[in-house]
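Residue numbers (our numbering): 48 to 160.
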């Protein structure tokens, strides 16, 4: 699993790209999804995912019985947790100081299982 699409309110928000090879510590970066519309950047989720310039993050990556868990903190302190199930679909959440935003997530190319 090297890319994960994050969705919000049924619309594509971003692509989370992960470095290879699969290891407990990886690097990840948000990229703009080609179907993202400009209004997404004005929403709360867009401002959290794309707060400033593109930044590479150290992220943890753990394969589980359920699929894979990815976690990292962005440059503005938002803690992201992405959980992808064995069917290549899951969810994402971002939390900061008791505030949380979330949405659907999926890996369009799976993880080769």
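All C-beta atoms in this analysis are idealised placements derived from N, C-alpha and C, irrespective of residue type, glycine included.
Taking 8 Å as the cut-off, decide whether the C-beta atoms of residue i and residue j are in contact.
i, j, result
"residue 96", "residue 60", "yes"
"residue 104", "residue 62", "no"
"residue 115", "residue 128", "no"
"residue 78", "residue 64", "yes"
"residue 113", "residue 134", "no"
"residue 53", "residue 125", "no"
For residue i, does the count of other Cβ atoms within 10 angstroms reach 16, so buried, or fall short, so exposed?
i, result
"residue 92", "buried"
"residue 160", "Confidence in residue 160 is poor, its pLDDT being 43 and thus under 50, which makes the residue's placement too unreliable to answer from."
"residue 57", "exposed"
"residue 154", "buried"
"residue 102", "exposed"
"residue 152", "buried"
"residue 141", "buried"
"residue 84", "exposed"
"residue 55", "buried"
"residue 156", "exposed"
"residue 145", "exposed"
List the DSSP bridge partners of residue i.
i, result
"residue 58", "55"
"residue 113", "BP columns for residue 113 are empty, so no partner."
Could you tell me which uninterrupted alpha helix (DSSP H) segments, each at least 4 residues in length, are contained entirely in the stretch 64 to 108, listed from first to last along the chain? 85 to 89 and 91 to 96
Segments of 3+ residues assigned as beta strand (DSSP E) that fall wholly inside the stretch 129 to 157: 136 to 143 and 146 to 153
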